[in-house]
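*Asks:* Supplied in structure tokens, the structure appears directly below.
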DNA sequence: TCCATATATCGATGAACGTCAATATCTAGG
DNA sequence: CCTAGATATTGACGTTCATCGATATATGGA
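Chains as they are written, first to last, in the numbering used here: chain U, 450 to 566; chain B, 450 to 566.
Structure below.
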């Protein structure tokens with residue numbers, strides 16, 4: 450067809466089916482993927498509350514034995530959520546005696562905020 | 450049991466099985482749920498790229514016919530993601546002729562940032 | 001060494017999600 | 001009206017996820 454596409458298509462750059470080619474939005478596939486992984490970690494009501502509780506606890510740390518009754522879920526479930534947050538680099542674990550204490554990794558929440566500039 | 454719980458439990462407030470009782474973290478269940486809904490909307494690589502492309506487009510708006518090739522997915526899939534973003538209040542739609550133009554809702558991304566503010 | 005407690009891991013289950021093909025709906029033009 | 005093109009909706013399919021019970025691991029105390 451020789452006809453020009455009438456109105457839209459002001460975006461010169463068009464889809465590349467693969468690779469990390471920069472899209473019109475200045476956000477590569479890899480960047481979007483990386484940001485989404487971090488966002489998925491916080492996009493859960495239980496994990497948001499866990500972060501909130503840990504941050505507001507005395508000394509900035511809380512142990513599983515307190516977090517579990519606080520969110521009202523089974524202990525394995527809480528342990529699972531803490532693992533997700535830890536793997537996202539949002540919290541860190543310190544084992545003292547029988548208890549496991551969790552606290553926020555300083556500055557990591559800033560990375561979440563920075564995604565939206 | 451009369452024995453005192455040895456080390457932890459410095460948190461006075463404990464789980465309420467229901468209702469919006471304030472948890473030790475100062476974040477109610479409802480607040481966490483509301484924030485999580487908004488975060489889930491952006492916690493996807495495709496939707497992050499759609500937001501990015503729309504924001505960086507001329508006039509701050511883009512139509513589906515440009516967004517679809519830009520992200521390299523089927524048109525119904527793109528339409529689905531745009532609907533998710535729109536229902537989260539992040540973008541708004543304007544139909545001009547046959548085309549549907551999307552642009553960011555001003556200030557709505559600030560709400561996402563404010564969650565960790 | 002044995003037991004009780006705290007936490008992590010495993011396996012299963014049901015719900016939510018991303019994706020697409022097919023189809024419906026709407027709009028402009030002939 | 002009828003056709004062509006753009007977008008939305010529907011239905012299906014496979015994957016990911018949140019949750020729990022059961023179990024494993026580790027630690028401290030008797």
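Beta carbons are placed, not taken as given, at the ideal position from N, Cα and C, and that holds for glycine.
For residue 558 (chain U), name the three-state secondary structure that DSSP assigns.
*Replies:* The residue labelled residue 558 (chain U) in the question sits at position 109 within the first chain. Residue state, collapsed to three classes: helix.
*Asks:* Might you give, ordered along the chain, the residues of its own chain that have their beta carbon closer than 6 Å to the beta carbon of residue 543 (chain B), omitting 5 neighbours on each side?
*Replies:* The count along the second chain starts at 1 and reaches residue 543 (chain B) at position 94. Around residue 543 (chain B): 550.
*Asks:* Hey, out of U:562, U:478 and U:557, whose CA is closest to residue 538 (chain U)'s CA?
*Replies:* Here residue 538 (chain U) is taken as the residue at index 89 of the first chain, counted from 1. Comparing Cα-Cα distances from residue 538 (chain U) to each of U:562, U:478 and U:557, the minimum goes to U:557.
*Asks:* Once you ignore the five residues that flank residue 509 (chain U) on each side, which residues in its own chain have a CB closer than 8 Å to its CB?
*Replies:* Stepping through the first chain from its first residue, residue 509 (chain U) is reached at position 60. Counting only Cβ-Cβ distances below 8 Å, and skipping sequence neighbours, we find 503, 552 and 553.
*Asks:* Alpha helix (DSSP H) containing residue 540 (chain U): first to last residue?
*Replies:* Within the first chain, numbered from 1, the residue matching residue 540 (chain U) stands at position 91. No alpha helix (DSSP H) contains residue 540 (chain U), which is instead part of the beta strand (DSSP E) from 540 to 545.
*Asks:* Among all the DSSP beta bridges, which residues are the ones paired with residue 510 (chain B)?
*Replies:* As a first step, residue 510 (chain B) is located in the second chain; it is residue number 61 there, counting from the start. Paired residue(s): B:552.
*Asks:* Measure the C-alpha to C-alpha separation of residue 514 (chain B) and residue 548 (chain B) and round it to an integer number of angstroms.
*Replies:* Stepping through the second chain from its first residue, residue 514 (chain B) is reached at position 65. Stepping through the second chain from its first residue, residue 548 (chain B) is reached at position 99. If you take the alpha carbons of residue 514 (chain B) and residue 548 (chain B), they lie about 8 Å apart.
*Asks:* Using 8 Å as the limit for Cβ to Cβ distance, is residue 561 (chain U) near chain B?
*Replies:* Position 112 of the first chain, counted from the start, is the residue given in the question as residue 561 (chain U). It does; some Cβ of chain B falls within 8 Å.
*Asks:* Taking the straight line between their C-alpha atoms, what separation do you get for residue 483 (chain B) and residue 541 (chain B)?
*Replies:* Translated into positions along the second chain, residue 483 (chain B) becomes position 34. Translated into positions along the second chain, residue 541 (chain B) becomes position 92. Whole-angstrom Cα-Cα distance: 20 Å.
*Asks:* So is residue 557 (chain B) in contact with chain U if we call contact Cβ pairs under 8 Å?
*Replies:* Numbered from its first residue, the second chain carries residue 557 (chain B) at position 108. Closer than 8 Å: no.
*Asks:* Rounding to the nearest angstrom, what Cα-Cα distance links residue 496 (chain B) and residue 499 (chain U) in this structure?
*Replies:* Within the second chain, residue 496 (chain B) is the residue found at index 47, counting from 1. Within the first chain, residue 499 (chain U) is the residue found at index 50, counting from 1. Going from the Cα of residue 496 (chain B) to the Cα of residue 499 (chain U) covers about 26 Å.
*Asks:* How about residue 519 (chain U): is its C-beta nearer than 8 Å to some C-beta of chain B?
*Replies:* Mapped onto the first chain, residue 519 (chain U) falls at position 70. By this cut-off, residue 519 (chain U) is an interface position.
*Asks:* What residue does the alpha helix (DSSP H) around residue 485 (chain B) start on, and which one ends it?
*Replies:* Numbered from its first residue, the second chain carries residue 485 (chain B) at position 36. Residues 478 to 491.
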